[in-house]
Amino acid sequence: MQLLCLCNDHSFMVNFLKTILAVIIGFFISICLILLAFIGMGSAFSPKKESTKENSILSLDFKKPVYEYSQPIYIKNFNYEITEENTLTAILRAIKYAKTDKHIKGIILGSTEGITGKTHLADIRKAVADFKTTGKFVYAFGESISQYDYFLHSVADSLFLGTLGSVDIQGLSAEVLYYKDLQEKTGIHMEIFRHGKYKSAVEPFLENTMSEANREQISAYLHSLWQSYADEVVQSRGFSLSDLNQIADSLWGRTPELALKHHLVDKIAFHDEFENSLCKVTKSEKIEDLHLIPIEEYAQNVSLETLKEAPKKAKKDKIAIIFCDGEIIEGKSQREKIGNETIIESLRDAREDKNIKAIILRINSPGGSGLASELIHREIALTQKVKPVYTSMGNWAASGGYYIACNSNRIFADKETLTGSIGVFGLIPNAKELADKIGIHSQQVETHPHALTYSLLEKTPEKTREVITEGIERFYKKFVQRVADGRKMTWEKVDSLAQGRVWTGADALKHGLIDQIGSLNDVIDYVAKEKNLSSGNYSLIAYPIIEVDFSEFFKKQFQASTRAELRFLLREEIGEDTYDQLQRINYSTRYPHSFLQARVPYEIKVK
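Our numbering puts the first residue of the sequence shown at 10, with every later residue one more than the last.
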């Protein structure tokens, strides 16, 4: 009903039209700017790198979103490839490069606002810790420091807190929204089909309160996450786990004085005093003698330097990394959506390239379409007949995400990765009660008894329900068997770990669902060693790659920009949780044959 109300809201329509106009104007301005850029390229493209100045300090202040990866766009007419540098891989590469950059004297840590996902934060923290081994300094400052910030800041040599700030160490919580009463009030119901004791992706539509099974798995998940968080923090800060738990229980970071007393920070300071400390550690007279370079800018410089050196260091042997980022859908990949056709094409390209010695799947997905997951799984099996396929799990590789990983030669995950969720459900929206209330009636004419399998305005026929339930059970058995075959377990063992339950990477390792704790870089090192590829004698190639001509590029950019702006406006108006639920309902109505969903139980909002 909220969507209907939006159409009658004058301010919404004004904002909507303003957004459309702004998108169109922005698009044409972008065309002019990009055309000027292309004119400057000429036939021989030679990027120019901004030199890093003396006495530079690398600033890790993540206020812009950090993406899992940037899909390369290859513009055929100009032999030119476009990638975005504000990605996890680019940032990690830049931090590593800074270790040997004589102009970079140290790192300062700021906000982690733009980093989505605990595993991304853990990877960056690990890179900063590695940077410290050079003897260069790492300082951190925050006017106030969130619990998320503190995970990164705690690795610093010196941690500064603003004079009116706090360190918000308070433990972890999760909030789940329930919609049973909402359905009763609106007359729009979700018809649910599921298998699995823990397959609670559909629980919010059935109940108003949390089941014990769901509470059990979320509690286990949170405690495992907290343990991973605490292990890193206490090691860096030098206090015990019981000390950290007492700090969280007593909120001893709530004032600067308490935070200092309990060794959460090293100094309370104004920002100018923090700058004086930077001058002291770099032996500079004044702050103007120092040059702060944002990580995004430095990552671009490093990328250009790598591009310039690439022809001199061209390697024949390659390792392919296929990024599977987002919900799994049928068809082509979209922004934050994994399309089975796109991934299958990438697997085939990598399989047929004789210079590619191994393939790494980088999976960051909550799952999605059961059919799409099965088709990708099949293509992986075909690829393994030619060359090995390894998996690196990101923030999550759950349900369908685990389905496509389970037969890999070796599976790596971070301790904080959310995985498992081996289960399946079906979800069908039904608005018959609402239609009856407002006087809408539907009539059907059929040639056969079961011709109408689904209608939004009619209850699902009993025969259709039987068929869907049968499909759910069949798919669950297939899912468990795929895992049993891939992980060399018995069906019964997998079934005991399945039932839709989610596990952290640390727990998944204990139960044999993964092989090793490690980041993407760890996987790359492992694969290189397995294939006898010595350091510096192989290159990495990212998939999927989009090949477009010049006109297609502008068309895609305009369409993507328009959709992004409209999605943002709608998300702002109706709220993120409502928007996400509507997206799922929209997918289920657009693709009714895709009712089988191998998907993680909603997005757990960890706070």
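All C-beta atoms in this analysis are idealised placements derived from N, C-alpha and C, irrespective of residue type, glycine included.
Quick one: complete alpha helix (DSSP H) runs, 4+ long, within the segment 86-166? 97-107, 127-141 and 156-162
Assign HIS386 to one of three DSSP states: helix, strand, or coil. On the sequence shown, position 377 is the one that residue 386 refers to. Correct three-state label for HIS386: helix.
Give the secondary structure of GLY377 by DSSP, where H, G and I count as helix, E and B as strand, and everything else as coil. Residue mapping note: residue 377 aligns to position 368 of the sequence shown, counting from 1. Here GLY377 sits in strand by DSSP.
How would you label PHE332, buried or exposed, when you count the other beta carbons within 10 angstroms and need 16 or more for buried? Mapped onto the sequence shown, residue 332 falls at position 323. Burial call: buried.
Just to confirm, is the Cβ distance from LEU170 to VAL176 under 8 Å? For the purposes of this step, residue 170 is identified with residue 161 of the sequence shown, where counting begins at 1. For the purposes of this step, residue 176 is identified with residue 167 of the sequence shown, where counting begins at 1. For LEU170 and VAL176, yes; Cβs fall inside 8 Å.
In chain order, what are the residue ranges of uninterrupted alpha helix (DSSP H) at least 4 long that sit wholly in the segment 252-282? 265-270
To the nearest whole angstrom, what separates the beta carbons of VAL503 and ALA493, a pair I think is in contact under 8 Å? Position 494 of the sequence shown, counting from 1, holds the residue named residue 503. Position 484 of the sequence shown, counting from 1, holds the residue named residue 493. 5 Å between Cβ atoms; contact.
In three-state terms, what does DSSP make of ARG419? Start at 1 with the first residue of the sequence shown, and residue 419 comes out as number 410. Strand.
How big is the Cα-Cα spacing for PRO4 and MET498? No answer is possible for residue 4: it lies beyond the span of the chain, which begins at 10 and ends at 616.
Could you tell me how far apart the beta carbons of LYS540 and LYS366 are, in whole angstroms, since I believe they sit closer than 8 Å? Within the sequence shown, numbered from 1, the residue matching residue 540 stands at position 531. Within the sequence shown, numbered from 1, the residue matching residue 366 stands at position 357. Confirmed, Cβ separation roughly 5 Å.
Bridge-paired residues (DSSP) for GLN343: The sequence position of residue 343 within the sequence shown is 334, counting from 1. Per DSSP, LYS346.
Have a look at ARG134, ILE352, LEU380 and HIS450 and flag the residue whose alpha-carbon is nearest the alpha-carbon of ILE368. Working through the sequence shown from its first residue, we reach residue 368 at position 359. Closest by alpha carbon: ILE352.
Starting from the Cα of VAL75, find the closest Cα among ASP110, GLY119, GLY123 and LYS114 and give me that residue. By one-based count along the sequence shown, residue 75 stands at place 66. Minimum Cα distance to VAL75 is reached at GLY123.
Euclidean distance between Cα positions of ASP524 and PHE279: Along the sequence shown, read from residue 1 onward, the residue named residue 524 stands at position 515. Along the sequence shown, read from residue 1 onward, the residue named residue 279 stands at position 270. So the alpha carbons of these two residues sit roughly 47 Å apart.
Would you be able to state if there are at least three C-beta pairs under 8 Å between the segment 97-117 and the segment 130-150? yes
Under 8 Å by Cβ, that's how I've got ILE437 and THR469 pegged, so tell me the actual separation to the nearest angstrom. What you label residue 437 is simply residue 428 of the sequence shown in a count that begins at 1. What you label residue 469 is simply residue 460 of the sequence shown in a count that begins at 1. Rounded, the Cβ-Cβ distance is 6 Å, consistent with contact.
Determine, using beta carbons only, whether LYS194 and LEU215 come nearer to each other than 8 Å. Against the sequence shown, residue 194 aligns to sequence position 185. Against the sequence shown, residue 215 aligns to sequence position 206. No.
Residues near GLY495 in its chain [Cβ-Cβ closer than 7 Å; skip 5 each side]: On the sequence shown, residue 495 is found 486 positions in, with the first residue counted as 1. If we look at GLY495 and ignore the five residues flanking it on each side, its Cβ neighbours are CYS415 and ASN416.
Check whether the segment 427-441 and the segment 505-520 are in contact - that is, three or more C-beta pairs closer than 8 Å. yes
With a threshold of 16 other CB atoms inside 10 Å of the CB of ASP334, please say whether the residue is buried or exposed. Position 325 of the sequence shown, counted from the start, is the residue given in the question as residue 334. Label assigned to ASP334: buried.
Measure the CB-CB distance between GLY196 and TRP235 and report whether it falls below 8 Å. Working through the sequence shown from its first residue, we reach residue 196 at position 187. Working through the sequence shown from its first residue, we reach residue 235 at position 226. No, they are not a contact pair.
Assign GLY377 to one of two classes, buried (16 or more other C-beta atoms within 10 Å of its C-beta) or exposed (fewer than that). Residue 377 sits at position 368 when you count from the first residue of the sequence shown. So GLY377 counts as buried.
Assuming contact is defined by CB atoms lying nearer than 8 Å, are GLU336 and LYS325 in contact in what I supplied? Here the question's residue 336 lines up with position 327 in the sequence shown. Here the question's residue 325 lines up with position 316 in the sequence shown. Result no, Cβ atoms of GLU336 and LYS325 do not sit closer than 8 Å.
In whole angstroms, what separates the C-alpha of TYR307 from that of THR96? Looking up residue 307 in the sequence shown gives position 298. Looking up residue 96 in the sequence shown gives position 87. Going by the C-alpha atoms only, they are around 12 Å apart.
Quick check: SER374 and GLY410, are their CB atoms within less than 8 Å of each other? Position 365 of the sequence shown, counting from 1, holds the residue named residue 374. Position 401 of the sequence shown, counting from 1, holds the residue named residue 410. Contact flag set, yes.
Locate the beta strand (DSSP E) running through PRO438, then write down its first and last residues. Taking the sequence shown and counting its residues from 1, one reaches residue 438 at position 429. Note, PRO438: beta strand (DSSP E), 433-439.
So, is SER505 buried or exposed, given that buried needs 16 or more other C-beta atoms within 10 angstroms? If you number the sequence shown from 1, residue 505 lands on position 496. Flag for SER505 reads exposed.
C-beta atoms of ARG203 and ILE481 nearer than 8 Å: Working through the sequence shown from its first residue, we reach residue 203 at position 194. Working through the sequence shown from its first residue, we reach residue 481 at position 472. Yes, these two residues count as a Cβ contact at 8 Å.
Pull up the CB-CB distance for ILE113 and SER153, whole angstroms please, since I reckon it's below 8 Å. Working through the sequence shown from its first residue, we reach residue 113 at position 104. Working through the sequence shown from its first residue, we reach residue 153 at position 144. Rounded, the Cβ-Cβ distance is 27 Å, inconsistent with contact.
In whole angstroms, give me the CA-to-CA distance for LEU260 and GLU266. Here the question's residue 260 lines up with position 251 in the sequence shown. Here the question's residue 266 lines up with position 257 in the sequence shown. Each residue's alpha carbon lies about 12 Å from the other.
Complete alpha helix (DSSP H) runs within the segment 487-511 (minimum length 4 residues, chain order): 500-506
So is THR392 buried or exposed if we call it buried at 16+ other beta carbons inside 10 Å? Position 383 of the sequence shown, counting from 1, holds the residue named residue 392. Buried, by the Cβ-count rule.
Evaluate LYS341 with the Cβ neighbour count: other Cβ atoms within 10 Å of its Cβ, from every protein chain shown; 16 or more gives buried, anything less gives exposed. Here residue 341 is taken as the residue at index 332 of the sequence shown, counted from 1. The residue is exposed, with fewer than 16 neighbouring Cβ atoms inside 10 Å.
Considering only the alpha carbon of each residue, which of LEU287, ASN310, SER451 and THR400 lies closest to HIS300? Here residue 300 corresponds to residue number 291 of the sequence shown, with the count starting at 1. Taking only the C-alpha atoms, the option nearest HIS300 is LEU287.
Where does PHE202 fall in DSSP's three states? Sequence index remark: in the sequence shown, residue 202 carries index 193 (1-based). Of the three classes helix, strand and coil, the one that applies to PHE202 here is strand, per DSSP.
Can you tell which of PHE140, ILE413 and GLN244 has its C-alpha closest to the C-alpha of PHE488? Position 479 of the sequence shown holds residue 488. Comparing Cα positions, the closest option is ILE413.
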